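Residue numbers (UniProt numbering): 1 to 293.
Where is the CB? At the ideal position from N, CA and C, for every residue including glycine.
All values derive from a computational prediction rather than experimental measurement.
Right, one structure below, let's go through it.
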């Protein structure tokens, strides 16, 4: 049976909200929880030591697999030290979101997972990472079902395959902070005000279509990807793990919908909305399932 995972939180929440959220997640049918700061090293509600403490506590309190995720864009020596500390945790699997983490983990002879920000678009790159110790691969969000099938068909030794099946897609990272720019302040004086936007800041087109979310230095899709209608197709393509992305509202409902569909106890229409264009080799914001294509 396919596993369900909760990817790392992309947003900046207060420490108490984060702790309470993960306590709730322990009561769900999720199989895997990813924890850690993946967007900005300036966010300090939880530092590396705090994330590790939370991860160890979750591992002690449940039989779920707990994975610690690293930063995606490293901008300073402090960021690298953060990544090093996570990689040196000596207990839990690490999700590498930057090649520096891959180097640290591979150099230490440790198995690791690769997050969707690691650019893997062909079987040769995948084989290279497997050779370095990668045991799980989260597919980049823009890879289509057709492309994924072709990559996996040419793999002699494949890792576990994970795919973001629900949530706002992380699209790009920048040295500039879009939240600070939106607020008219400098990045160095940002005061970490992205904490005021628990689900990012929406950017709309002139036609009032919500195209993107800005989340600090990260740009995300304006609408969540929703691949619930394709769970069986995902399984047949070779996806082992369905990743859901944290959100403050309705998270348990999203988890329940995917759990029921993977168990075959419900239809695939439990979660209306969302986009699925990338899966079909189309623009990411397209909605193929509802258009009947």
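Per DSSP, the beta-bridge partners of residue 241 are 3, 162.
7 Å or more divides the Cβ of residue 142 from the Cβ of residue 115. At a Cβ-Cβ threshold of 7 Å, residue 107 and residue 82 do not count as neighbours. Listed in chain order, the non-local C-beta contacts of residue 202 below 8 Å within the same chain comprise 210, 212, 213, 222, local neighbours out to five positions each way being set aside.
Within its own chain, no residue has a Cβ closer than 6 Å to the Cβ of residue 49 once the five positions on either side in sequence are excluded. Under DSSP, the beta-bridge partners assigned to residue 168 are 224. The three-state reading of DSSP puts residue 94 in strand, counting E and B together. Between residue 26 and residue 4, the C-beta spacing is not below 7 Å. Remark: C-beta atoms of residue 98 and residue 72 approach each other more closely than 7 Å. Secondary structure note for residue 68: its beta strand (DSSP E) is the uninterrupted segment 65–69. Residue 60 sits exposed, since fewer than 16 C-beta atoms from the chains shown fall within 10 Å of its C-beta.
As computed with DSSP, residue 212 is found in a beta bridge with 203, 221. Annotated three-state conformation of residue 230 is helix, per DSSP.
Following the DSSP letters along the chain, one finds residue 137 inside the beta strand (DSSP E) bounded by residues 134–138. Within the same chain, and ignoring the five residues on either side of residue 78 in sequence, the residues whose Cβ sits closer than 7 Å to its Cβ are 41. Residue 109 has its alpha-carbon roughly 32 Å from the corresponding atom of residue 23.
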